[in-house]
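Heads up, the sequence shown is in the working numbering, so the first residue is 1 and it goes up one at a time.
Think of the CB as a built atom: it goes at the ideal place given N, C-alpha and C, for glycine as much as any other residue.
Below is one structure, written out as structure tokens; comments come after it.
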Amino acid sequence: MTTLADPVPGGRPGDVERAVERAAELTGRGVCGIVLAYVDTAGVGRVKTVPTTRLADAAAWGVGMSPVFDTFLADDSIVTTDVLGSPDGDLRLYPDLDRLVELAGQPGWAWAPVDRITQEGESHPGCSRTFLRRIVADAGARLGITFRAAVEIEWSVGRATAPDGTFVPAVSGPAYGAARQVELSDCTADLLTALAAQGVEVDQIHPEYAAGQFEVSVGALDPVAAADRSVLVRQTVRAVAQRHGLRVSFSPAVLAAGVGNGGHLHLSCWRGGVNLHSGGGGRYGMTADAESFTAGVLARLPALTAVTAPSPASYLRLRPSQWAGVFTAWGRETRETALRVVTGTTGRRERDANLEVKPVDLAANPYLALGCVIAAGLDGITDAAPLPAEVTGDPARFGADEAAARGVRRLPATLTAAVEAFRADKVLRTALGPVLADAVTAVRLGEAAAVEGLDDAQVAAAYRWKY
Ligand code: MG
């Protein structure tokens with residue numbers, strides 16, 4: 001379980017001693033540097049690195065970094081809000097020592113996610129990991145609910161030697177094809193070895209639908225750990241592929257047309273060690289709380305899209321009949337509604353049943369995405385929100401009347417439309433707090449402005465290697 005308390009200047013009790021020990025052990029193993037990782041509002045992974053010998057100092061006093069990164073765009077330009085985007089000020093990055101792990105795909109390096117606090121020792125209101133810790137802590141304190149979560153990771157593998165900026169798939173075998181699995185046999189085996197060495201349980205790994213696409217699904221953890229894990233897995237996929245002369249992209253749309261890369265979220269609510277998505281009297285074994293949680297997420301999907309699909313490239317992926325789930329509906333084990341109720345197989349439902357949220361991609365900051373989805377679900381529980389009827393089949397085939405009768409709407413088709421819905425959503429804005437909510441709005445509008453006048457192919461190219 002993730003420590004939900006904020007870091008403090010001087011280090012949490014025991015942290016410095018632990019860091020000294022871990023640094024000695026890592027140094028003995030030839031690890032010379034630590035990657036301190038976080039994800040910015042735009043969804044780009046950013047890092048500072050320190051020599052392993054500085055780990056204890058970092059655990060006690062943090063590592064400096066400007067708050068300006070909260071309003072970076074994917075192209076590294078900066079937008080400003082009332083409080084963010086200024087060249088002034090500094091923050092301290094505190095590594096979470098519980099997550100410190102030697103990077104098997106990058107010999108000589110270890111990795112840890114960070115929380116950011118101010119030089120005055122207060123939590124930074126723009127810190128997405130702190131935001132998710134708070135949401136999880138609040139659910140526990142107020143409702144006695146904990147969560148298990150996982151982020152599916154899809155990526156496209158290209159040749160590192162492809163002409164500048166272009167994507168040339170590194171494999172030619174068919175979707176889910178045995179041939180494709182053989183083509184990337186060595187790299188995938190190395191990836192499995194690296195993930196296992198890092199303590200990441202892999203459920204499955206396979207060639208996916210789109211050109212050069214692969215997917216890995218990993219074991220569920222508490223939400224903060226699951227978000228950390230999604231960042232670590234991407235770092236590992238990228239590093240292992242690079243050692244094989246390959247280049248990977250997690251962009252929602254590496255190419256302008258066709259199926260994109262998703263980052264579906266899986267979430268289950270638990271109380272007293274019992275999965276609320278199984279064994280209840282509601283549909284498919286959901287308890288009343290699980291139904292209301294699902295209803296809460298469903299009701300806020302258009303606004304959530306600004307957080308879960310944050311890039312202009314996200315909207316090239318978010319198209320009907322591409323398994324991205326672009327309709328406000330839920331169904332059991334369906335691939336075309338935004339929400340898929342996963343019951344699991346009989347005999348293992350108590351453990352496996354969960355809610356899958358599909359209109360999420362890997363441009364999304366996973367801490368913001370999980371925090372906002374959970375906040376929406378908790379709002380549903382607080383209100384005992386009723387879950388509407390299930391939808392089966394592809395909603396893209398519904399006529400306008402049928403869609404209206406069932407309450408099925410298409411999710412925002414542009415980033416600007418998603419921001420409009422987000423801006424009008426009090427629940428999400430309140431959960432995020434004014435600083436993060438404004439950062440989300442400003443960064444999204446900045447991204448939208450950056451692609452004005454570009455066609456789809458140009459948008460895909462602009463973001464191809466950013467995530
Ligand atoms: Mg997939």
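CA-to-CA, the gap between A299 and R340 works out to about 14 Å. Collapsing the DSSP output to three states places G377 in a helix. With respect to the 9 Å criterion, G325 and E333 are not classified as neighbours on the basis of their beta carbons. In this structure, the straight-line span from the alpha carbon of L255 to that of W465 is close to 11 Å. For the pair of segments examined, the region 97-115 was found to touch the region 190-197: the number of CB pairs separated by less than 8 Å reaches three. Less than 9 Å divides the Cβ of T308 from the Cβ of D361. For the options A110, F69 and L100, the alpha carbon positioned closest to that of L91 is the one of F69.
DSSP places V443 inside the alpha helix (DSSP H), whose first and last residues are K426 to A450. Counting C-beta pairs closer than 8 Å gives fewer than three between the region 273-280 and the region 313-331, which falls short of the contact rule. Given a length threshold of 3 residues, each whole run of the beta strand (DSSP E) inside the region 223-310 is given here in chain order: 246-249 and 265-271.
The alpha-carbon of P223 is positioned some 17 Å away from that of K358.
In this structure, ligand 1 has a non-hydrogen atom nearer than 8 Å to the beta-carbon of E215. A449 sits away from A462, with the two beta carbons spaced by 9 Å or more.
Counting of Cβ neighbours within 10 angstroms places T41 among the buried residues, the total reaching 16 or more. Here I117 is bridged, per DSSP, to R92 and S123.
Relative to ligand 1, the beta carbon of W155 is positioned no closer than 8 Å to any heavy atom. Taking C-alpha positions only, W109 is separated from R133 by approximately 26 Å. For the set A396, A384, C372 and D394, the Cα lying nearest the Cα of T430 is the one of C372. The Cβ-Cβ distance between R349 and N275 falls below 9 Å. If you look at T52, you'll find it isn't in any beta strand (DSSP E); DSSP assigns it neither H nor E. Judged by the Cβ position, W330 fails to qualify as a neighbour of ligand 1 at the 8 Å threshold, every heavy atom of the ligand being at least this far.
Three or more Cβ pairs closer than 8 Å define a contact, and the region 12-22 meets that threshold against the region 40-60.
Ranked by Cα distance from P95, the options A139, T71 and T2 are led by T2.
Bounds of any beta strand (DSSP E) do not take in S128; it lies within the alpha helix (DSSP H) bounded by S128 to L143. Within the DSSP secondary-structure output, E152 pairs in no beta bridge. Burial state of Q198 is buried, judged by a 10 Å Cβ sphere holding 16 or more other Cβ atoms.
Apart from the 5 residues on each side of it in sequence, F422 sits with its Cβ closer than 6 Å to the Cβ of A303 and A306 in its chain, given in chain order.
In the structure shown, D203 adopts extended strand secondary structure according to DSSP, grouped into three states. For G344, the closest alpha carbon among the candidates S292, S268 and A364 is that of S268. Per DSSP, the continuous beta strand (DSSP E) segment holding E215 begins and ends at Q213 to V218. Put simply, of S86, V171, S123 and V151 the residue whose alpha carbon is nearest the alpha carbon of G158 is V171. Around the beta carbon of S128, a 10 Å sphere encloses 16 or more other beta carbons of the protein chains shown; the residue is thus reported as buried.
Here DSSP, grouped into helix, strand and coil, assigns L355 to strand. In the DSSP assignment, Y38 falls within the beta strand (DSSP E) that extends over G33 to V39. When DSSP states are grouped into helix, strand and coil, G45 belongs to the strand group. Inter-residue distance for G399 and R406 is about 11 Å (C-alpha atoms, whole angstroms).
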